[in-house]
Amino acid sequence: MIPLAVPNLDGNEARYLEECVTSTFVSTVGPFVDTFEFLVAKASGSLRAVATQSGTAGLHLALTAMGVGRDDLVILPSFTFIASANAISHCGATPWLFDVTPESWNLGPTSLAGRLEKETRREKESLIHVPTGRRVAAVMPVHTLGLPADMDRIVEIARSYGLPVITDAAAALGATDKGRPVGHLGADLNVFSFNGNKTVTAGGGGAVTGDDAALMDFVRHLSTTARSGADYHHDHIGFNYRMTNLQAAVGCAQMERIDELVDAKRRIRRRYDQHLGDLSGVGIFPEVPGVESACWLSGIIINAELQTTVSELRDKLRAAEIDTRPFWKPVHMQPPYADAPFANMDVSESLWPNVLTLPCSTGLNESDQDSVIAAVRKALS
Ligand SMILES: Cc1ncc(COP(=O)(O)O)c(C=O)c1O
């Protein structure tokens, strides 16, 4: 079977793990954690990074540090992995769900500005969502598939309403917008995932990055039970969200190869686009001029004229020993979010049943990718 996306552990991973064991530094304190944070901050373009146990933990931490709390609303695109919404719920808040643009599959500045203008009013220091009477506490764009959202305009709109911006950059490490790295696009905090299926993995893990020293110190403080001093005194309700030295050992070995790994993802994407994008009724994953995606996953979008479904196509490809997946079902269609406020979702609803992700491990060789391309062409012929 050609797998969808498996980690590429051909570097120093085993050696660094052995160092953890021989040194006995296996918990959340250790040299690999410090190095990993340094490497992630550098690659993201942010000044600082705090490593966490997962991307979801990082999102929960970032939202909490920005003051998101019970009964608040956080603006979120509906076309995302459910973890983005869950992190908001873990704060006691609810996502206010927006559709994405067809050009980027990301939150669009025009709908953001339009709905803020129509559906909110200011009340003292707060911004209130009129239909629910809830405070709007933050905007959380997601860089879908590693393609950065239009942060220049989103941040400008959010600032004009006094809203902080936290990006879910789970799969976007390595991406740039007009040459600027993804952690340097104006958000207060950015959150990355190093889950096993990400381009750079720590087995599991995440990181919060940002430039504001006091805010990042607070993120770090909250991540380690908010303990102040050597005695058991805790000044906030904190978390036990720090990454372990074991995870960071794998993460460091991967970060040493980040350019090579991201380049491999981009090369794979380009080859699928070139060799499948010409098929009638087939669309390719979004690209935005001036923005360089980290190309986390690759695949195609099938159009109604093909008279086949993603599920039928998957069956044919499975028979050819090729692993594929559908893509995110939007959050507003998920039972736990049935009550979350949302409006028109035409783009998200038309996209999700038609997206098929194809094998794109960074170790995928050209011959296996050619087999995938040939099998997709045959299945669609
Ligand atoms: C967009 C998005 N947000 C959040 C997450 C959660 O990250 P983690 O699995 O590290 O908790 C993921 C992980 O796949 C993701 O794709």
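Letter by letter, the sequence shown follows residues 809 to 1189 of the numbering used here. Glycine residues also receive a C-beta, built at the ideal position from the N, C-alpha and C atoms.
(request) Determine the contact status of A1102 and L955, defining contact as a CB-CB distance below 9 Å. (result) Numbered from 1 along the sequence shown, position 294 holds the residue referred to as residue 1102. Numbered from 1 along the sequence shown, position 147 holds the residue referred to as residue 955. For A1102 and L955, yes; Cβs fall inside 9 Å.
(request) For P1144, count neighbouring Cβ atoms within 10 angstroms of its own Cβ and tell me buried if that reaches 16, exposed if not. (result) Taking the first residue of the sequence shown as position 1, residue 1144 is located at position 336. P1144 should be labelled exposed.
(message) Quick check for students: name the residue ranges of the beta strand (DSSP E) that lie wholly in the segment 896 to 925, counting only runs of 3 or more.
(response) Counting only runs of 3+ residues, the beta strand (DSSP E) found wholly inside the segment 896 to 925 occupies 902 to 906, in chain order.
(request) Could you tell me whether the segment 845 to 853 touches the segment 987 to 999, where touching means 3 or more Cβ pairs closer than 8 Å? (result) yes
(request) Measure the alpha-carbon distance for N1048 versus L869 and round it to whole angstroms. (result) As a first step, residue 1048 is located in the sequence shown; it is residue number 240 there, counting from the start. As a first step, residue 869 is located in the sequence shown; it is residue number 61 there, counting from the start. Roughly 10 Å separates the two Cα atoms.
(message) Our contact map puts A977 next to F1000 with C-beta atoms below 8 Å; I'd like the distance itself, whole angstroms only.
(response) Counting from one through the sequence shown, the residue named residue 977 turns up at place 169. Counting from one through the sequence shown, the residue named residue 1000 turns up at place 192. About 5 Å; that satisfies the 8 Å criterion.
(message) I'd like to confirm something about T952: is its beta-carbon nearer than 8 Å to some heavy atom of ligand 1, or not?
(response) To locate residue 952, count along the sequence shown from 1; it is residue 144. T952: yes, Cβ under 8 Å from ligand 1.
(message) When you compare the CB positions of A945 and G1011, do they come within less than 9 Å of one another, or not?
(response) Looking up residue 945 in the sequence shown gives position 137. Looking up residue 1011 in the sequence shown gives position 203. No; because the gap between Cβ atoms is not below 9 Å, this pair is not in contact.
(request) Inspect the beta-carbon positions of T761 and V950 and report whether they are closer than 9 Å. (result) Limits of the chain in this structure are 809 at one end and 1189 at the other, which puts residue 761 out of reach.
(message) Please report the distance separating the alpha-carbon of I1130 from that of E821.
(response) Here the question's residue 1130 lines up with position 322 in the sequence shown. Here the question's residue 821 lines up with position 13 in the sequence shown. Approximately 27 Å, taken between the alpha carbons.
(request) Out of M1051, K1073, D1176, L1164, state which residue places its alpha-carbon closest to the alpha-carbon of F840. (result) In the sequence shown, counting from the first residue as 1, residue 840 sits at position 32. Measuring from the Cα of F840, the nearest candidate turns out to be M1051.
(request) Measure the C-alpha to C-alpha separation of P1091 and K1186 and round it to an integer number of angstroms. (result) Counting from one through the sequence shown, the residue named residue 1091 turns up at place 283. Counting from one through the sequence shown, the residue named residue 1186 turns up at place 378. The question names Pro, yet the displayed sequence has Gly at residue 1091. Looking at the two C-alpha atoms, the distance is approximately 16 Å.
(message) Just checking L867 against ligand 1 - is the residue's beta carbon closer than 8 Å to any of the ligand's heavy atoms?
(response) For the purposes of this step, residue 867 is taken as the residue at position 59 of the sequence shown. Because some heavy atom of ligand 1 lies under 8 Å away, the Cβ of L867 counts as near it: yes.
(request) Please list, in chain order, all residues of the same chain as V1118 whose beta carbon is under 6 Å from its beta carbon, the five residues on each side excluded. (result) Along the sequence shown, one-based indexing puts residue 1118 at 310. So the qualifying residues of the chain are P1134, L1164.
(message) If I measure Cβ to Cβ from T1210 and keep anything under 6 Å in the same chain, skipping five residues before and after, which residues do I get?
(response) The chain is shown only over 809 to 1189; residue 1210 falls outside these bounds and no answer can be derived.
(request) Please find out if some non-hydrogen atom of ligand 1 comes closer than 8 Å to the beta-carbon of S1031. (result) Taking the sequence shown and counting its residues from 1, one reaches residue 1031 at position 223. Ligand 1 never approaches S1031 closely enough for any of its heavy atoms to be under 8 Å from the residue's Cβ.
(message) Can you list, in chain order, the residues of its chain with a C-beta nearer than 6 Å to that of T864? Leave out the 5 residues immediately preceding and following it.
(response) Position 56 of the sequence shown, counted from the start, is the residue given in the question as residue 864. A891, A895, listed in sequence order.
(request) Kindly indicate which three-state DSSP category V1008 falls into: helix, strand or coil? (result) The sequence position of residue 1008 within the sequence shown is 200, counting from 1. Note: V1008 maps to coil in three-state DSSP.
(message) Measuring only from the beta carbon, is N1048 closer than 8 Å to any heavy atom that is part of ligand 1?
(response) Reading the sequence shown from its first residue, position 240 is the one you call residue 1048. It does not: the Cβ of N1048 is nowhere closer than 8 Å to a heavy atom of ligand 1.
(message) Please classify A1072 as buried or exposed, where buried requires at least 16 neighbouring CB atoms within 10 angstroms.
(response) As a first step, residue 1072 must be located in the sequence shown, where it is residue number 264. It is buried - the Cβ of A1072 has at least 16 other Cβ atoms within 10 Å.
(request) Look up L881 in the DSSP assignment and say whether it is helix, strand or coil. (result) Position 73 of the sequence shown, counting from 1, holds the residue named residue 881. It is a strand residue.
(message) Looking at ligand 1, does it come within less than 8 Å of K1073, judged from the CB to the closest heavy atom?
(response) The residue labelled residue 1073 in the question sits at position 265 within the sequence shown. Because no heavy atom of ligand 1 lies under 8 Å away, the Cβ of K1073 does not count as near it: no.
(request) Hey, could you find the ends of the alpha helix (DSSP H) A857 is sitting in? (result) Numbered from its first residue, the sequence shown carries residue 857 at position 49. Not the alpha helix (DSSP H): A857 falls in the beta strand (DSSP E), residues 856 to 860.
(request) Would you give the residue range spanned by the alpha helix (DSSP H) that R1050 belongs to? (result) By one-based count along the sequence shown, residue 1050 stands at place 242. Where R1050 is concerned, there is no enclosing alpha helix (DSSP H), given that its DSSP letter is neither H nor E.
(message) Residues in the same chain with beta-carbon distance under 7 Å from L971, minus the five sequence neighbours each way, listed in chain order, please.
(response) Translated into positions along the sequence shown, residue 971 becomes position 163. Take L971, set aside five residues on each side of it, and the residues of its chain with a beta-carbon closer than 7 Å to its own are L935, V944, A946, V947, in chain order.
(request) Check whether the Cβ atoms of L1159 and F887 lie closer than 9 Å to each other. (result) Residue numbering aside, residue 1159 sits at position 351 when the sequence shown is read from its first letter. Residue numbering aside, residue 887 sits at position 79 when the sequence shown is read from its first letter. Yes; because the gap between Cβ atoms is below 9 Å, this pair is in contact.
(request) Taking only the alpha-carbon atoms, compute the straight-line gap between S1106 and A1057 and give it to the nearest angstrom. (result) Within the sequence shown, residue 1106 is the residue found at index 298, counting from 1. Within the sequence shown, residue 1057 is the residue found at index 249, counting from 1. Answer to the nearest angstrom: the Cα atoms are 28 Å apart.
(message) Nearest by alpha-carbon distance to I962: which of E1100, A813, R923, A1034 is it?
(response) Within the sequence shown, numbered from 1, the residue matching residue 962 stands at position 154. Measuring from the Cα of I962, the nearest candidate turns out to be R923.
(message) How far does the alpha helix (DSSP H) with L847 in it extend, from its first residue to its last?
(response) As a first step, residue 847 is located in the sequence shown; it is residue number 39 there, counting from the start. From DSSP, the alpha helix (DSSP H) with L847 extends over 839 to 852.
(request) Could you pull out every residue in the same chain whose Cβ sits closer than 7 Å to the Cβ of A1128, ignoring the five residues on either side in sequence? (result) Your numbering for residue 1128 matches position 320 in the sequence shown. Cβ neighbours of A1128 beyond the five flanking positions: A1183.
(message) In this structure, how does DSSP classify D985 when only helix, strand and coil are distinguished?
(response) Your numbering for residue 985 matches position 177 in the sequence shown. Three-state result, D985: strand.
(request) Quick one: grab the DSSP three-state call for N820. (result) As a working note, residue 820 is residue 12 in the sequence shown. Coil, per DSSP.
(request) Go to E1095, then tell me how far its alpha helix (DSSP H) extends in each direction, as first and last residue. (result) In the sequence shown, residue 1095 corresponds to position 287, counting from 1. E1095 -> no alpha helix (DSSP H), and no H or E assigned at all.
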